[in-house]
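Participant: This is the structure, below, for whatever I ask next.
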Amino acid sequence: MTLKLLRNPNLDWGYYTAPQKHLKGHPNNRFMLNRGKGLGGSSTLNLNMYMRGSPYDFDDWANVTGDDSWTYQNLLPFFKRMENYNGSFPNDDLHGRNGPLSIESPEFAPLKSEWLAAGMELGYKVKDPNGFQSESIFPIDYTYKRGTRFSTHRAYLNPAMERPNLSVITYAHVEKIIFEGQNNAVA
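Oh and the sequence shown: position 164 is 164 in UniProt numbering, straight run, nothing missing.
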């Protein structure tokens, strides 16, 4: 019910998946993909669950593009740089601790231990979903800070709002970015 309330066209782009053969019980076998329109994008709209894409997908991107900068191993330092990780899997090889985006495990998570026990009973191991792995079960981490929602807007934009070279225009849709040189967006 809560996710259906998020379908406000002023806040959400209203995307759906392509029809999925086995996605029964959803209209036209399609599933909604909430994508936020506000400052901070989807991080202000969704449930704040934090999980990176699959390392195998990033490696596939590198193979398809012929660009090794897209491999998981080459992207990992950037993931770590953005994280202020205090979640379920404290592993400095996979997570950063000094970045602007706060990531935590909720202190109150009803049925979490029962859910994990049920998965282990079925033969799944508890593993960090953000590393290379086989199928597993895991507690979800969230972009929270001291138990409060923490969006990318709060992590990146709020600290930069006083910069003299930053203008934020809300309720506007970007159609084109104009650059002066390679790294200077002017309009």
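Positions of the beta carbon are idealized from the N, C-alpha and C atoms, including for glycine.
The structure presented is a predicted model; accordingly, all values stated were derived computationally and were not measured.
Mapping DSSP to helix, strand and coil, what is residue 83?
Facilitator: Note: residue 83 maps to strand in three-state DSSP.
Participant: Assign residue 79 to one of two classes, buried (16 or more other C-beta atoms within 10 Å of its C-beta) or exposed (fewer than that).
Facilitator: The residue in question, residue 79, is buried, as its Cβ has 16 or more Cβ neighbours within 10 Å.
Participant: Is the beta carbon of residue 127 less than 8 Å from the beta carbon of residue 113?
Facilitator: No, the Cβ-Cβ distance between residue 127 and residue 113 is not below 8 Å.
Participant: Pull up the DSSP beta-bridge partners for residue 36, would you.
Facilitator: DSSP lists 12 as partners of residue 36.
Participant: If you draw a straight line from the C-alpha of residue 125 to the C-alpha of residue 173, how long is it?
Facilitator: Looking at the two C-alpha atoms, the distance is approximately 44 Å.
Participant: Does the contact criterion of 3 or more C-beta pairs under 8 Å hold for the region 16 to 31 versus the region 42 to 51?
Facilitator: With the cut-off at 8 Å, the region 16 to 31 and the region 42 to 51 do not touch.
Participant: Under the assumption that residue 242 contacts residue 59 (Cβ atoms under 8 Å), give the Cβ distance between them as a whole number of angstroms.
Facilitator: Here the chain covers residues 1 to 187 and nothing more, so residue 242 does not appear.
Participant: What separation, rounded to the nearest whole angstrom, lies between the Cα atoms of residue 162 and residue 21?
Facilitator: Roughly 50 Å separates the two Cα atoms.
Participant: Looking at residue 40 and residue 167, is the spacing between their C-beta atoms short of 8 Å?
Facilitator: No; because the gap between Cβ atoms is not below 8 Å, this pair is not in contact.
Participant: Ends of the alpha helix (DSSP H) at residue 116?
Facilitator: Unbroken alpha helix (DSSP H) run through residue 116: 112 to 121.
Participant: Over what stretch of residues does the alpha helix (DSSP H) that includes residue 64 continue unbroken?
Facilitator: Counting along the chain, the alpha helix (DSSP H) containing residue 64 begins and ends at 55 to 65.
Participant: Among residues of its own chain, excluding the 5 on either side of residue 17, which ones have a beta-carbon nearer than 7 Å to its beta-carbon?
Facilitator: Correct list, in chain order: 30, 31 and 33.
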